[in-house]
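The structure appears right after this line, and notes come after that.
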Amino acid sequence: MLTPIAFGIIIFLLLSAWLIPHYAVHYMTRSKCSTYERCLEMLEQQGVFTREQFEACRKEEVTIRSHDGIKLHGYYMEKFPNSRRIALIVHGYTGALPWSAQFMDMFTEQGFNVLLIDQRRHGQSEGKYTTFGYKEKYDVQMWVDWIVERKGKDCIIGLHGQSLGGGTVLEYAAIRRPQVQFIVADCPYSDLTQLIHYQVTKLNQMPAWPTMALINRLLLRKAGFRMEQVSPLRIMKTCPLPVLFIHGKEDRFVPTWMSEQLHEAKHDTSSLILIEGAGHGTAYSVDQERYRQGVTTFIQTTVGSPNHEEVAEPLSDAVQDTVEVVEEPSSVLEPGIDLIPDLIPAEADNMLPVI
């Protein structure tokens, strides 16, 4: 017969086995997201971008519908009306599009117009769960289709993603359109199962079993995907698209070796920059000069410099708030060039907020 103490221990263990995976899944998929105001405050604290700069940008507000019917929100910044170069910048977990504004200048300096987006469930976009790229990659496809419709089939599109955004754009490589010419992935995860195993066992000192199995089961039931369906590493092994990986050497949240792993998987068509002293999501603020130079060199090597006609007569900064709603975009499930079959990967940014 069990003593009261033994009975209490058993009840505690059973409750823990139930509560911890539920909390982890909520933290992974439903954490509170930062407001635009909070993103701008943090950018100012890091000294990389100001509220005044953001407010002065010439912005066109854009709203489209995802393949599963939710509203997606973004700001299109067109500095060069004659340029067919567009950078699509994707923020990390719990962030919002103003956070991506810190990266704009390095693209506009190369003749790119810029599209900043709110990921599903973030900012002014709708959505209930974050799926680490499983559904988000199709959202990127919708945005790419919007760009192609706006700028023409001969446009050049570059993708930049940080953390969850990095995982998302790497996942998107499996279904990319031919207009997408390169990817910059800042502190991305290589494989969702590996990431969550690392965070469960190393960061939180919990046993892998049964925690991992219970998390996976809850993810499928609540958000409709499994961890093994999200693996940028698997995609990179066969993806010919040029990719620049950037990671902080002191990142303990999404460990640095994940970008090293991704780079090794496709080293012939990728570059890797490791930033000394940078933790998760802070590579740019720690060493802006090296970050910007690395991205600039990568862009020039990949797509060259813009011609004079593209950057002639740039528009001056002035607030512009035009709303465009696209209710019936082209099918996101139409395969892109070099489609990698039977892959529906994604990324689990982290179990903690990225910013």
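In our numbering, the protein residues as written are 2 to 356. Just so you know, even glycine gets a beta-carbon here, dropped at the ideal spot from N, CA and C.
query                                                                                                                                                                     : result
Touching or not, the region 208–226 and the region 245–260, by the rule of three or more beta carbon pairs under 8 Å?                                                     : no
Can E137 and Q163 be called in contact, C-beta distance under 7 Å?                                                                                                        : no
Using beta-carbon positions only, say whether A97 and Y37 come within less than 7 Å of one another.                                                                       : yes
My parser needs the alpha helix (DSSP H) runs of 4 or more residues fully inside the region 67–123; what are they?                                                        : 98–101 and 105–109
Taking 7 Å as the cut-off, decide whether the C-beta atoms of G128 and I216 are in contact.                                                                               : no
Between which residues of its own chain and L263 is the CB-CB distance below 8 Å, once the five residues before and five after are set aside?                             : L171, A186, P189, S191, P233, L234, M237, V244, F246 and S271
Can you give the Cα-Cα distance for W100 and I148, rounded to whole angstroms?                                                                                            : 21 Å
Within the region 182–256, note down every full alpha helix (DSSP H) run reaching 4 residues or more, in order along the chain.                                           : 193–199, 209–224 and 233–237
Let me know the secondary structure DSSP gives V1 once reduced to three states.                                                                                           : Outside the displayed range of the chain (2 to 356) lies residue 1, so it cannot be described from this structure.
If V145 and Q180 are in contact, beta carbons under 8 Å, what's the gap, nearest whole angstrom?                                                                          : 7 Å
Hey, quick one: how far does the alpha helix (DSSP H) through Q262 stretch, first residue to last?                                                                        : W258 to A266
Buried or exposed: where does P241 fall if 16 or more other Cβ atoms within 10 Å of its Cβ makes it buried?                                                               : exposed
Closest to N358 by CA distance: which of R59, H123, H248 and G305 is it?                                                                                                  : The structure shown does not extend to residue 358, since the chain spans only 2 to 356, so no value can be given for it.
Candidates S84, I184 and K203: which alpha carbon is nearest A313's?                                                                                                      : S84
Drop a sphere of 10 angstroms on the beta-carbon of K267, count the other beta-carbons inside from all chains shown, and report buried for 16 or more, exposed for fewer. : buried
Going by Cα to Cα distance, which pick from Q111, G134 and V287 is closest to I87?                                                                                        : Q111
Taking only the alpha-carbon atoms, compute the straight-line gap between R52 and H92 and give it to the nearest angstrom.                                                : 17 Å
Quick one: grab the DSSP three-state call for S164.                                                                                                                       : coil
Beta-carbon within less than 8 Å of R227's beta-carbon, same chain only, minus the 5 sequence neighbours each way: which residues are those?                              : N217, L220 and L221
Under a three-way DSSP split, which group does G159 fall into?                                                                                                            : strand
What are the boundary residues of the beta strand (DSSP E) that includes L41?                                                                                             : Run containing L41: none in the beta strand (DSSP E); it sits in the alpha helix (DSSP H), Y37 to Q47.
Just to confirm, is the Cβ distance from K152 to T109 under 7 Å?                                                                                                          : no
Using a threshold of 7 Å, state whether the C-beta atoms of L165 and L89 are closer than that.                                                                            : no
Is the CB-CB distance between G124 and G168 below 7 Å?                                                                                                                    : no
Provide the residue span of the beta strand (DSSP E) that contains S286, from first to last.                                                                              : Where S286 is concerned, there is no enclosing beta strand (DSSP E), although the alpha helix (DSSP H) it sits in stretches over A284 to V287.
Would you mind sorting T257 into buried or exposed? The rule is 16 or more other CB atoms within 10 Å of its CB.                                                          : buried
Let me know the secondary structure DSSP gives L334 once reduced to three states.                                                                                         : Residue placement at L334 is flagged as unreliable, the pLDDT there being 39, under the threshold of 50; the coordinate-derived value follows with that caveat. If DSSP states are grouped into helix, strand and coil, L334 belongs with coil.
Between G75 and L41, is the Cβ-Cβ spacing less than 7 Å?                                                                                                                  : no
Give the secondary structure of L171 by DSSP, where H, G and I count as helix, E and B as strand, and everything else as coil.                                            : helix
What are the boundary residues of the alpha helix (DSSP H) that I148 is part of?                                                                                          : E137 to K152
Taking a contact to mean a Cβ-Cβ separation below 7 Å, would you say M107 touches V296 in this structure?                                                                 : yes
Measuring CA to CA, which of K223, H23, E311 and L193 is closest to E229?                                                                                                 : L193
Quick check on R178 - is its C-beta less than 7 Å from some C-beta in chain B?                                                                                            : Note that chain B does not occur in the displayed structure, where there is just one protein chain.
From the DSSP output, in three-state form, read off L275 for me.                                                                                                          : strand
What residue from L273, E311 and N308 has the CA that sits closest to Q294's CA?                                                                                          : L273
According to the neighbour-count rule (16 or more other Cβ atoms, all chains shown, within 10 Å of its Cβ), is I6 buried or exposed?                                      : exposed
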